[in-house]
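Okay, so here's the structure we're looking at.
Number of protein chains: 2
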Amino acid sequence: MAQHSSLPGFRDFYPRDFATRAHIFSAWREAARRFGFEEYDGPPLEALELYTDKSGEEIVRQLYNFVDKGGREVALRPEMTPTFARMVGARAGELRKPIRWFSIPQLFRYERTQRGRLREHFQWNVDIVGEEGVAADAEVVAVALEALCLLGLTEADVVVRLSDRRLMERLLLHAGVPADQLMAAYAAIDKLGRVEERVIRERLETEAGLGPASVDEVFRIFRLGELSALEGAYREVEGVAEELDRLAEFFRIVDDMGLGGFVTFDPTIVRGLAYYTGIVFEIFDRQGVFRAICGGGRYDTLLEAVSGVSLPALGFGMGDVVLKELLADRGLVPEGGAGVDFYLAAVGEEERRVVRRVASRLRSQGYSVLYSLRPAGVRAQLKDADARGARRVVVVGPDEVRSGEVVVREMATGAEERVRLEEL
Amino acid sequence: MAQHSSLPGFRDFYPRDFATRAHIFSAWREAARRFGFEEYDGPPLEALELYTDKSGEEIVRQLYNFVDKGGREVALRPEMTPTFARMVGARAGELRKPIRWFSIPQLFRYERTQRGRLREHFQWNVDIVGEEGVAADAEVVAVALEALCLLGLTEADVVVRLSDRRLMERLLLHAGVPADQLMAAYAAIDKLGRVEERVIRERLETEAGLGPASVDEVFRIFRLGELSALEGAYREVEGVAEELDRLAEFFRIVDDMGLGGFVTFDPTIVRGLAYYTGIVFEIFDRQGVFRAICGGGRYDTLLEAVSGVSLPALGFGMGDVVLKELLADRGLVPEGGAGVDFYLAAVGEEERRVVRRVASRLRSQGYSVLYSLRPAGVRAQLKDADARGARRVVVVGPDEVRSGEVVVREMATGAEERVRLEEL
Numbered sequence: 123m124a125q126h127s128s129l130p131g132f133r134d135f136y137p138r139d140f141a142t143r144a145h146i147f148s149a150w151r152e153a154a155r156r157f158g159f160e161e162y163d164g165p166p167l168e169a170l171e172l173y174t175d176k177s178g179e180e181i182v183r184q185l186y187n188f189v190d191k192g193g194r195e196v197a198l199r200p201e202m203t204p205t206f207a208r209m210v211g212a213r214a215g216e217l218r219k220p221i222r223w224f225s226i227p228q229l230f231r232y233e234r235t236q237r238g239r240l241r242e243h244f245q246w247n248v249d250i251v252g253e254e255g256v257a258a259d260a261e262v263v264a265v266a267l268e269a270l271c272l273l274g275l276t277e278a279d280v281v282v283r284l285s286d287r288r289l290m291e292r293l294l295l296h297a298g299v300p301a302d303q304l305m306a307a308y309a310a311i312d313k314l315g316r317v318e319e320r321v322i323r324e325r326l327e328t329e330a331g332l333g334p335a336s337v338d339e340v341f342r343i344f345r346l347g348e349l350s351a352l353e354g355a356y357r358e359v360e361g362v363a364e365e366l367d368r369l370a371e372f373f374r375i376v377d378d379m380g381l382g383g384f385v386t387f388d389p390t391i392v393r394g395l396a397y398y399t400g401i402v403f404e405i406f407d408r409q410g411v412f413r414a415i416c417g418g419g420r421y422d423t424l425l426e427a428v429s430g431v432s433l434p435a436l437g438f439g440m441g442d443v444v445l446k447e448l449l450a451d452r453g454l455v456p457e458g459g460a461g462v463d464f465y466l467a468a469v470g471e472e473e474r475r476v477v478r479r480v481a482s483r484l485r486s487q488g489y490s491v492l493y494s495l496r497p498a499g500v501r502a503q504l505k506d507a508d509a510r511g512a513r514r515v516v517v518v519g520p521d522e523v524r525s526g527e528v529v530v531r532e533m534a535t536g537a538e539e540r541v542r543l544e545e546l
Numbered sequence: 123m124a125q126h127s128s129l130p131g132f133r134d135f136y137p138r139d140f141a142t143r144a145h146i147f148s149a150w151r152e153a154a155r156r157f158g159f160e161e162y163d164g165p166p167l168e169a170l171e172l173y174t175d176k177s178g179e180e181i182v183r184q185l186y187n188f189v190d191k192g193g194r195e196v197a198l199r200p201e202m203t204p205t206f207a208r209m210v211g212a213r214a215g216e217l218r219k220p221i222r223w224f225s226i227p228q229l230f231r232y233e234r235t236q237r238g239r240l241r242e243h244f245q246w247n248v249d250i251v252g253e254e255g256v257a258a259d260a261e262v263v264a265v266a267l268e269a270l271c272l273l274g275l276t277e278a279d280v281v282v283r284l285s286d287r288r289l290m291e292r293l294l295l296h297a298g299v300p301a302d303q304l305m306a307a308y309a310a311i312d313k314l315g316r317v318e319e320r321v322i323r324e325r326l327e328t329e330a331g332l333g334p335a336s337v338d339e340v341f342r343i344f345r346l347g348e349l350s351a352l353e354g355a356y357r358e359v360e361g362v363a364e365e366l367d368r369l370a371e372f373f374r375i376v377d378d379m380g381l382g383g384f385v386t387f388d389p390t391i392v393r394g395l396a397y398y399t400g401i402v403f404e405i406f407d408r409q410g411v412f413r414a415i416c417g418g419g420r421y422d423t424l425l426e427a428v429s430g431v432s433l434p435a436l437g438f439g440m441g442d443v444v445l446k447e448l449l450a451d452r453g454l455v456p457e458g459g460a461g462v463d464f465y466l467a468a469v470g471e472e473e474r475r476v477v478r479r480v481a482s483r484l485r486s487q488g489y490s491v492l493y494s495l496r497p498a499g500v501r502a503q504l505k506d507a508d509a510r511g512a513r514r515v516v517v518v519g520p521d522e523v524r525s526g527e528v529v530v531r532e533m534a535t536g537a538e539e540r541v542r543l544e545e546l
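Those protein sequences? They're chains U and X, same order as listed. Quick note: the first sequence uses our numbering, first residue 123, plus one each step. Quick note: the second sequence uses our numbering, first residue 123, plus one each step.
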């Protein structure tokens, strides 16, 4: 007797777990629909170089990659953006711009070190291609918030923390960060608030090659924090005014959309991935208990790198795992199964035949119907009906068949109604 | 500039392709709902031995397997039944029987030889666990047919071909097939109609070890074909009467369900997989143009083999690829995208702000709404509205903002209605 189990880090979705997943997916799809995004999908397995070429170092270290039987280097997709960029690039000419697409891929990562951590999750990906203006940035932030609101979360629960790599680049260059060390600086800054300042200072010095004065200036920028404070201190620095004005326009649009209370500027949001080029954002629970629920931003150069087609683009990914934890924490995960509309109980063998006929008719009308697949006592059948969440129960016995009338019992209220069998 | 493409045998689902896939999935889910089946899912990656232990030779030859970075032998799932059996086995005690579950996994296979063939597909899996009687077999056949009917197929389009391994075992033993060569005999018979009789005869002799007289008897059984002819010739053979009666009961139930016209006995249906133990079936297009749309059957011993829990079980898998080909052939694939409920066009910058406010309100009411993310002429916006399938268009200019009234134009009819902006 063999005893099998799932691989470490992979989830089984029993019907109750699946129902929660379906609840989240349904909010994602409904928000995307309201915003006019179309669903697409790509393969869960891609050529390894799709990821090694252009993604950030962190993604590549965690790749679930292998050599297939044909000697090809392949990887289970760790993120959707490279697939998205590949697909858009292949048909860029014929697709109407801006392209508004979304997908709900299962993503994979392999970390040898961290046991107990999931190696797969589902992620809602929403992207717009072909639009440079900040109205597009506001649009993707808004659709992310729409889904969270559909799930019952409010301004009191979640916050969008947002920055702009173009602004930060101007400020960091001003602080003395060499142009070719910006990514190293972002990577160090990305850890702010999560690791000791001392460690970040050290990384800025050793990895980004900054002198002590530059490090001090970098820390000053991040301590100012507020957009207005940055404006006061740095508006005259070359290129900064333009970036501040762009961010101001973004916030005006977000206000127009009624979402101002959800969104806040935070210069420490830089995002780990190398390919971001503009506004970047993450969504967190306000209390700061959970990891980020969602992260995204503008990646205006990735499409050209992946597919040779130069088009501005932006989007985000929202995973199912942290979101589910937050919903559970707020009591926002619906309980109980779907149940069924009818349970038809049969007294004897002849009535079982009637039940099959009636069940087929009700099902073809769109009702969900269950009945016992084997002969059973009426009491056992009623117990089964109850356990399976039947909303209405009908008992069919010889009398009912003779008279052609049955009693339909509403389980929630106990109300009973006589109905002609052929009208059921 | 790197140019990437998807791996051979893997599909990209652009929005139009995704819509067809969603149309099929939606029929699968609706049929399952009507029959009271609950959705589950398992990991796309499983331990290799889950498949090598118990599945048929054909599945294992085509496994998409590899060694992961932790040195573990793993495989992308080639079929769902082993995962299903593993999951049910792990919680068999607490799950209400009969268990009625379904899933829509993406499945994978790797064949080195056949280029151009798909290496992934989606498959609707429906299973019942804990019920021995043929009413359960009828139930799974019926839910498969419900989905096909929801997609617009009829008795004129599809047929369920069905046999019973228990009956065939009795007949083959009678014909002189050794008990330990039954699987080899099934594997040879499975090719009937697809390869020359001479080849099958040879396989029965060499692989199943039959003498010429036994081979003749095996061919006689399959030539008789009809259940009534088999009854006339073999009813007196030990154990055959019982099996014939069971099949007769199955057909009576299918008739009660109004599905008699869909289902026909066919002794050549044996199914490739080793684990089937009772009624087996495949669904084909009547004209015999396509490969099987669906295949399944009873596998009463698999759960014990996989999980140590002894429970009768049965189910089927229906793939998306052949089904889509058949639907396309019959003109049953819906054309056109979902479109959007509203397209809001703005004349100037001030009206763009109004449009954002109105769009947010309409979206929160459940409407799908698009507007231009950049300033554009009204003509360009109306063209965009048309291209994106907007059902209603509203133009907001200075006059509309002043008067507080807009004109809502229904694109299908050209009908126009004046509506107060705040009531939109």
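Glycine included, C-beta positions come from ideal geometry on N, C-alpha and C.
Query                                                                                                                                                                       : Result
Which stretch, first to last residue, makes up the beta strand (DSSP E) that contains residue 441/X?                                                                        : 435–441
If we count the other Cβ atoms within 10 Å of its Cβ and call it buried at 16 or more, is residue 312/X buried or exposed?                                                  : buried
Taking 7 Å as the CB-CB limit, is residue 154/X close to chain U?                                                                                                           : no
Taking 7 Å as the threshold (C-beta atoms), are residue 384/U and residue 248/U in contact?                                                                                 : no
Could you tell me which whole beta strand (DSSP E) segments of length 3 or greater appear in the region 226–259 of chain U?                                                 : 228–230 and 242–251
Just the C-alpha distance for residue 308/U and residue 250/X, rounded to the nearest angstrom, thanks.                                                                     : 54 Å
Rounded to the nearest angstrom, how far is the Cβ of residue 252/U from that of residue 219/U, given a contact under 8 Å?                                                  : 3 Å
Thinking residue 283/X and residue 404/X are a contact (beta carbons under 8 Å), I'd like their distance in whole angstroms, please.                                        : 5 Å
Taking 7 Å as the CB-CB cut-off, is residue 279/X touching chain U?                                                                                                         : no
Skipping 5 residues on each side, what residues in its chain have a beta carbon closer than 7 Å to that of residue 310/X?                                                   : 322, 325, 326, 329 and 330
Taking 8 Å as the threshold, find out whether the region 255–268 of chain U comes into contact with the region 445–456 of chain U through three or more Cβ pairs.           : no
Under a CB-based cut-off of 7 Å, is residue 434/U close to chain X?                                                                                                         : no
In terms of alpha-carbon separation, which member of 527/U, 473/U, 546/U and 244/U lies closest to residue 375/X?                                                           : 473/U
Got a sec: is the Cβ-Cβ distance from residue 273/X to anything in chain U below 7 Å?                                                                                       : no
Determine whether the Cβ of residue 123/X lies closer than 7 Å to any Cβ atom of chain U.                                                                                   : In this prediction, residue 123/X has a pLDDT of 40, which is less than 50 and means its spatial position is unreliable; what the coordinates show is noted afterwards. Yes, its Cβ sits closer than 7 Å to a Cβ of chain U.
Cβ atoms of residue 135/U and residue 163/X: under 7 Å apart, would you say?                                                                                                : yes
Spatial neighbours of residue 202/U within its chain, please: CB distance less than 8 Å, with the 5 preceding and 5 following residues excluded, ordered by chain position. : 164, 225, 227, 229, 245, 247 and 439
Pop quiz: residue 422/U and residue 369/U are said to be a contact at Cβ under 8 Å. What is the actual Cβ separation, rounded to whole angstroms?                           : No, residue 422/U and residue 369/U are not in contact; Cβ-Cβ is about 16 Å, not under 8 Å.
With 7 Å as the threshold, decide whether the Cβ of residue 498/U is near any Cβ in chain X.                                                                                : no
Is residue 135/U close to chain X? Criterion is C-beta to C-beta, closer than 7 Å.                                                                                          : yes
What is the C-beta distance between residue 141/U and residue 431/U, in whole angstroms, given that I count them as a contact (C-beta under 8 Å)?                           : Going by Cβ atoms, the distance from residue 141/U to residue 431/U rounds to 41 Å, so no, they are not a contact pair.
For residue 526/U, I'd like the list of residues in its chain whose CB is within less than 8 Å of its CB, leaving aside the five on either flank, ordered along the chain.  : 542, 543 and 544
Report yes if the C-beta distance between residue 242/U and residue 406/U is below 7 Å; otherwise report no.                                                                : no
Which bits of chain X does residue 160/U rub up against, with CB to CB less than 7 Å?                                                                                       : 137 and 459
Could you name the residues of the region 163–174 of chain U whose beta carbon sits closer than 9 Å to any beta carbon of chain X, in the order they occur along the chain? : 163, 164, 165, 166, 167, 168, 169, 171 and 172
Given a cut-off of 7 Å on the beta-carbon distance, is the pair residue 463/X and residue 494/X in contact?                                                                 : no
Are residue 467/X and residue 517/X touching if we call contact CB-CB under 7 Å?                                                                                            : yes
At a cut-off of 6 Å, is residue 351/U close to the ligand SAM when judged by its beta-carbon and the heavy atoms of the ligand?                                             : In the structure shown, the ligand SAM is absent, as is every other ligand, since no ligand is present at all.
In chain order, what residues of the region 244–269 of chain U put their CB closer than 7 Å to some CB of chain X?                                                          : 253, 255, 257, 258, 261 and 268
Across which residues does DSSP place residue 281/X in a beta bridge pair?                                                                                                  : 406/X
When DSSP builds the beta bridges, which residues end up paired with residue 314/U?                                                                                         : 317/U
Less than 7 Å between the C-beta atoms of residue 190/X and residue 196/X, yes or no?                                                                                       : yes
Determine the closest residue to residue 271/X out of 149/X, 397/X and 198/X, with distance taken between C-alpha atoms.                                                    : 149/X
For residue 169/U, does the three-state DSSP call read helix, strand or coil?                                                                                               : strand
Determine the chain U residues that contact residue 375/X at a beta-carbon separation under 7 Å, and present them in chain order.                                           : 478
Which of the three DSSP states is assigned to residue 174/U in this structure?                                                                                              : helix
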